[in-house]
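Structure record follows, encoded as structure tokens.
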Amino acid sequence: MIRRYVFGNPIETEAVLRKPKAEQWEGDEQVLAFGANQTGFTCKLEQEDIVYGLGENVRGINKRGWIYVSHCSDNPNHQEDTRSLYGAHNFLIVSGKRNLGIFVDTPEQVIFDVGYTRPELLSVSMDSGNYELYLIEEASAEAVVQEFRRLIGQSYLPPKWAFGYGQSRWSYRTSEEVRQVARRFRENHLPLDMIYLDIDYMERYKDFTIDRERFPDFELLVEELKEQKIHLVPIIDGGVKVEAGYDVYEEGVKNGYFCKDEDGENFTLGVWPGKCHYPDMLNDEARLWFGRKYRFLLDKGIDGFWNDMNEPAIFYSEKHLKKVFEQLEEYRGQNLDICSFFEFCGLVQGISNNEEDYRSFYHNYRGERIRHDRVHNLFGYYMTRSASEAFEELEPGRRILLFSRASYIGMHRYGGIWMGDNKSWWSHLKMNLQMLPSLNMCGFLYTGADLGGFGSDATRDLVLRWTALGIFMPLLRNHSADGTRRQEPYAFGEATEDFRGLIGLRYRLLPYLYSEFMKAALKNGMYARPLGFVWPEDPVARHTEDQLLIGESIMIAPVCEQNAIGRSVYLPEEMKLLRFRGTELTEERVLMRGLHFIETALDEVTIYLRKDHALPLAAGGETVEAVDWRKLALLRFGEAAAYELYDDDGMDSGVKLEGHLFPVQS
Ligand code: GLC
29 MIRRYVFGNP IETEAVLRKP KAEQWEGDEQ VLAFGANQTG FTCKLEQEDI
79 VYGLGENVRG INKRGWIYVS HCSDNPNHQE DTRSLYGAHN FLIVSGKRNL
129 GIFVDTPEQV IFDVGYTRPE LLSVSMDSGN YELYLIEEAS AEAVVQEFRR
179 LIGQSYLPPK WAFGYGQSRW SYRTSEEVRQ VARRFRENHL PLDMIYLDID
229 YMERYKDFTI DRERFPDFEL LVEELKEQKI HLVPIIDGGV KVEAGYDVYE
279 EGVKNGYFCK DEDGENFTLG VWPGKCHYPD MLNDEARLWF GRKYRFLLDK
329 GIDGFWNDMN EPAIFYSEKH LKKVFEQLEE YRGQNLDICS FFEFCGLVQG
379 ISNNEEDYRS FYHNYRGERI RHDRVHNLFG YYMTRSASEA FEELEPGRRI
429 LLFSRASYIG MHRYGGIWMG DNKSWWSHLK MNLQMLPSLN MCGFLYTGAD
479 LGGFGSDATR DLVLRWTALG IFMPLLRNHS ADGTRRQEPY AFGEATEDFR
529 GLIGLRYRLL PYLYSEFMKA ALKNGMYARP LGFVWPEDPV ARHTEDQLLI
579 GESIMIAPVC EQNAIGRSVY LPEEMKLLRF RGTELTEERV LMRGLHFIET
629 ALDEVTIYLR KDHALPLAAG GETVEAVDWR KLALLRFGEA AAYELYDDDG
679 MDSGVKLEGH LFPVQS
């Protein structure tokens, strides 16, 4: 059952496609009180309630015990005490005796105090009190998700090849370097479907340009790699460089497509290219214009993109920086003491992503001038929408790979997301696992984290363990920052067999993973579920934070700690342990319900097959295209006679389940 309420005068986000009629607020047994000025509400939490959801965020699958602020934020240094990450996903489920879904639809900042101030209270607040509230009540948490997802519309479908392995680095700087990466993979028989191009392929970081000195033969490179079944995936940044003669800049200025400051001038801020303007992604005309620019790369044979810096990130704004320089003068020659030194640091550290800057520029949204902070969380969403709508116009019916850094619910229809800049930390490996189901609840199915960690130096064992988790992520990409230790599978100066085995297993599992992904997308279901979704009556399962169900048939329990020889795994029911050393199945053993210590070496993956379920396995391949979907082995446990396989051409964006499901019975 869905109920919708409107408070104040909310700005439309287009997160919800088919809105039920709004009802008069008459109270709810659990959603207790609205403040007098209606700037939020509270919801009572029973001791046994779990709070699921909130999409991209720090901490566990159960969000209880922290404050989260829904505010798209560029924060590569996030830790346990961070409150906002790159996406803003205002959907959660209070799951206990009742299963109550709550969606707070507003593009401005929202604070979710999930039992932080008072353990028995979820309290949701925002500045203006303008929002739409959806309450969804169903018999199970999973049914709540399904209802919610029906409301917000079908999740984005990437092309089939985008389920292969992708190698990225900031940056592969020349055509030759890209060729070298492809060569190293192919020489070592490491499966590969994508190489990502970071900002250095552009001419001085200008969107929709190519640096012809570094990439003189860009078109040929695309062609050559396509022959090897490798897709080149370039980055597109939100900011447009201010530079006379640069066509995108000139057109944007001429047509008034950029965001404006208080004085009606184009808002100037700094990101990678130096001074930039942000296209007004909320303005229909500007959005259409920006989206059509992707054609520059589509015409060169590119069929995948990642949209970045679209929180939007602001290294500095021109006006604020000027003020900082003036203020800094005041500190010159001073004896910086306990107060003034910290003030001085605050001034410098506050240059980037400054809240004042977000209040200093404007959009033209549906003909109205709206200050950015009121619609902040829509920027990345509308940038990605801009590309997706253009693709539909330029390449109708074709799936193009597209994912974004910033997002809001609604964007899940237009593209996937990666989980933003992380670190080569074991805690971030675990967070990657925990974020996946939370994102699925909010509609983001095509997602994954920078495998191996983006910032800081990775160790070989971390990258191996992270790969062993990453092979279950729909978006599987190893990416790392400039200046950090190289972390390609061949970068550690040792043999690559173990990496080859782990990535190879992904390709053996592809028919299963793709089937489960497509079923989830086309039925508004979950690709990855917390154990509590399936065994809500089992208190241990409900509180298991580091294991997941991937699709219908299997559970995973990755090792998330350095130097561990294995880990404790909880089985809510009897399951069959499948041990793979790389691509080879080396052990099948039935395990009783309960806790088991399972040793897992760095080159191994353990999978837990559920009773009366089956897992199809392909022979593998070095590209998605090479995987033979007709020759599948079926691993079974119990009474599973068949597995329902999904298959399609991997390109058509309008697919339905009908006609694409096949029983596998080998
Ligand atoms: C941002 C992105 C990261 C990219 C870098 C350079 O930090 O999140 O993935 O490598 O910019 O473009």
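Count the sequence shown with the working numbering and you get residues 29 to 694, in order.
Every residue, glycine too, gets a C-beta built ideally from N, C-alpha and C.
No experiment lies behind these values; they were computed from the predicted model shown.
So, using beta-carbon positions, are residue i and residue j closer together than 8 Å?
i, j, result
"Ala169", "Tyr80", "yes"
"Pro38", "Glu166", "no"
"Asp226", "Trp189", "no"
"Leu673", "Leu637", "no"
"Gly506", "Glu516", "Sequence check: residue 506 is Asn here, not Gly. Going by C-beta atoms, Asn506 is nearer than 8 Å to Glu516."
"Ile121", "Leu128", "yes"
"Glu565", "Asn90", "no"
"Ile342", "Phe119", "no"
"Leu325", "Pro424", "no"
"Leu149", "Gly143", "yes"
"Glu76", "Gly124", "yes"
"Gly276", "Phe236", "The residue you asked about is not Gly; residue 276 is Val in the sequence shown. In contact: Val276 and Phe236 (Cβ atoms closer than 8 Å)."
Looking at residue i and the ligand GLC, is the gap between the Cβ and the nearest heavy atom below 7 Å?
i, result
"Gly273", "no"
"Asp485", "no"
"Pro104", "yes"
"Arg505", "no"
"Arg513", "no"
"Arg764", "Any question about residue 764 goes unanswered here, given that the chain covers just 29 to 694."
"Trp198", "yes"
"Asp77", "no"
"Ile263", "yes"
"Asp239", "no"
"Phe407", "no"
Got a sec, what are the start and stop residues for the beta strand (DSSP E) residue i sits in?
i, result
"Gln590", "Counting along the chain, Gln590 falls outside any beta strand (DSSP E), and DSSP gives it neither H nor E."
"Met222", "Met222 to Leu225"
"Ile139", "Val138 to Val142"
"Gly444", "Gly444 to Trp446"
"Tyr390", "Phe389 to Tyr393"
"Val34", "Ile30 to Phe35"
"Pro691", "Leu689 to Val692"
In angstroms with no decimal places, state the Cα-to-Cα distance between residue i and residue j.
i, j, result
"Gly280", "Phe295", "12 Å"
"Glu601", "Leu577", "13 Å"
"Pro48", "Asn552", "18 Å"
"Leu364", "Cys373", "10 Å"
"Arg291", "Asn338", "Correcting the residue identity first, residue 291 is Asp in this sequence and not Arg. Going by the C-alpha atoms only, they are around 23 Å apart."
"Phe472", "Leu356", "44 Å"
"Tyr518", "Gly610", "16 Å"
"Gly579", "Glu346", "49 Å"
"Ile30", "Glu525", "52 Å"
"Asp478", "Leu457", "9 Å"
"Leu310", "Leu316", "10 Å"
"Gly648", "Pro558", "28 Å"
"His348", "Ile379", "7 Å"
"Ala116", "Gly192", "27 Å"
"Met546", "Glu421", "24 Å"
"Leu737", "Gln693", "Absent from the structure is residue 737, since the part of the chain shown begins at 29 and ends at 694."
"Asp312", "Leu541", "37 Å"
"Gly408", "Phe318", "13 Å"
"Ser196", "Asp221", "11 Å"
"Phe419", "Met469", "26 Å"
"Gly444", "Glu358", "47 Å"
"Ser101", "Trp446", "14 Å"
Would you kindly report the start and end of the unbroken alpha helix (DSSP H) that includes residue i?
i, result
"Ser203", "Ser203 to Glu215"
"Gln256", "It is not in any alpha helix (DSSP H) - Gln256 carries neither H nor E in the DSSP assignment."
"Gly610", "Element bounds for Gly610: n/a, residue is neither H nor E."
"Cys367", "Ile366 to Gln377"
"Asp385", "Glu383 to Tyr386"
"Arg542", "It should be pointed out that residue 542 corresponds to Tyr in this sequence rather than to Arg. Segment Glu525 to Leu550, the alpha helix (DSSP H) holding Tyr542."
"Ile180", "Ala169 to Ile180"
"Leu662", "It is not in any alpha helix (DSSP H) - Leu662 instead sits in the beta strand (DSSP E) that spans Ala661 to Phe665."
"Phe407", "Phe407 to Leu422"
"Phe360", "It should be pointed out that residue 360 corresponds to Arg in this sequence rather than to Phe. First-last for Arg360: undefined, no H or E at that position."
"Leu576", "Element bounds for Leu576: not the alpha helix (DSSP H) but the beta strand (DSSP E), Leu576 to Ile578."
"Pro465", "Trp454 to Met469"
Kindly say whether residue i, judged by its beta-carbon, lies nearer than 8 Å to any beta-carbon of chain C.
i, result
"Lys47", "The chain labelled as chain C is not found in the depicted structure, where only one protein chain is given."
Please confirm whether any heavy atom of the ligand GDP lies closer than 7 Å to the CB of residue i.
i, result
"Asp226", "Ligands present in the displayed structure are limited to the ligand GLC, and the ligand GDP is not among them."
Subject >> Ranges of the alpha helix (DSSP H) found wholly within the segment 301 to 347, counting only runs of at least 4 >> reply: 312 to 320 and 323 to 326
**OP:** Enumerate, from N- to C-terminal direction, the unbroken beta strand (DSSP E) stretches of 3 or more residues contained entirely within the segment 613 to 639.
**Re:** 622 to 627 and 632 to 638
Subject >> beta strand (DSSP E) runs contained entirely in the segment 63 to 142, provided each spans 3 or more residues >> reply: The segment 63 to 142 is shown to contain whole beta strand (DSSP E) runs of 3 or more residues at 68 to 72, 78 to 81, 94 to 98, 119 to 123, 127 to 133 and 138 to 142, in chain order.
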